[in-house]
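Residue numbers (the working numbering): 83 to 381.
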């Protein structure tokens, strides 16, 4: 089991502590390198800069991505650690100006179930922490410093009796992490390689992560309950004018033409196999959820 200690500032930390969110985006301004230090479910910890110099909280790693700033804001909003998009952009611009970065991409580390310690529970920076570390450092349970750090964190976020030596030493993740709405959007976007499942459209601002079975009908934020769709196709799918069968064929309802006297573009997709699906089998659309949409939403 590992933990990553990421450097952040007190403003970002204190803003999110007040919000008590279900997920956060720990963004990195360079947008050049995708974070790969952890497996899903492992700990990502917040180390405060400057004189505070302590570990003040953390979250459970869900996934990482490199995103344009607008999409990071649309997905996470204030869970980026700022109240408005303008405030968020100003913080990014400040970092980029100092480092002469001109593009609008940022690195995003998506964390579920974040936790924020009271100041009395802050954890001292590990003894081997070097003052010139700018981004962060990985700690593993196979040495005393890493093992002690993991125990201190687990002691604060779980019942002490639930902390077993095997959990820390042998790589067992601490939690079955949960996707929030923002994490769902990014996970679906990346699973479909940033292209519409049906049309192949790759213009990111007009692509939506659609739920096959809505959360309001007991659907969950899971990639297998999602489709990446162009916004117009998303609307038709939600309204029941389009569906996808459990064997991944596209169907377009006759109601579309009957009610609106049009839809030629959409009927061109009728009967085709979905051309763009996730590579990972576990991320492909759930047959059960597709069947539910066929039976309960499709017209």
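The beta-carbon is built from N, C-alpha and C at its ideal position, and this holds for glycine as well. All of these numbers come straight from a predicted model, not from anything done at the bench.
Classify residue i as buried or exposed, calling it buried when 16 or more other Cβ atoms lie within 10 Å of its own Cβ.
i, result
"residue 236", "buried"
"residue 132", "exposed"
"residue 371", "buried"
"residue 265", "buried"
"residue 355", "exposed"
"residue 297", "exposed"
Would residue i pass as a contact of residue j if the rule is Cβ separation under 8 Å?
i, j, result
"residue 117", "residue 228", "no"
"residue 199", "residue 238", "yes"
"residue 381", "residue 317", "no"
"residue 261", "residue 292", "no"
"residue 294", "residue 308", "yes"
"residue 215", "residue 89", "yes"
"residue 332", "residue 353", "yes"
"residue 328", "residue 369", "yes"
"residue 123", "residue 195", "no"
"residue 148", "residue 204", "no"
"residue 139", "residue 197", "yes"
Kindly indicate which three-state DSSP category residue i falls into: helix, strand or coil?
i, result
"residue 84", "strand"
"residue 243", "Reliability fails at residue 243, whose pLDDT of 42 lies under 50, so the model's placement of it is uncertain and no value is given."
"residue 315", "helix"
"residue 366", "coil"
"residue 121", "coil"
"residue 248", "Because the pLDDT of residue 248 is 49, which lies under 50, any placement of that residue in the model is unreliable, and the question is left without a value."
"residue 264", "helix"
"residue 169", "helix"
"residue 101", "helix"
"residue 381", "coil"
"residue 254", "Confidence in residue 254 is poor, its pLDDT being 48 and thus under 50, which makes the residue's placement too unreliable to answer from."
"residue 333", "strand"
"residue 326", "strand"
"residue 304", "coil"
"residue 176", "helix"
"residue 216", "coil"
"residue 297", "helix"
Please report the Cβ distance between residue i and residue j, rounded to the nearest whole angstrom; I am assuming they are in contact, meaning their Cβ atoms lie under 8 Å.
i, j, result
"residue 143", "residue 172", "Not a contact, Cβ separation roughly 27 Å."
For residue i, which residues in the same chain have their Cβ closer than 8 Å to its Cβ, ignoring the five residues on either side in sequence?
i, result
"residue 276", "284, 286, 289, 310"
"residue 135", "129, 207"
"residue 282", "357, 358"
"residue 151", "170, 171, 174, 186, 187, 188"
"residue 109", "154, 162, 163, 174, 188, 189, 190, 191"
Ignore the nearest five residues each way along the sequence and tell me which others in residue i's own chain have a CB closer than 6 Å to its CB.
i, result
"residue 86", "119, 120, 126, 218, 220"
"residue 167", "155"
"residue 98", "106, 163"
"residue 323", "335, 338"
"residue 362", "none"
Excluding sequence positions up to five away, which residues of its chain have a Cβ less than 7 Å from the Cβ of residue i?
i, result
"residue 263", "303"
"residue 367", "294, 306, 309, 326"
"residue 157", "264, 267, 268"
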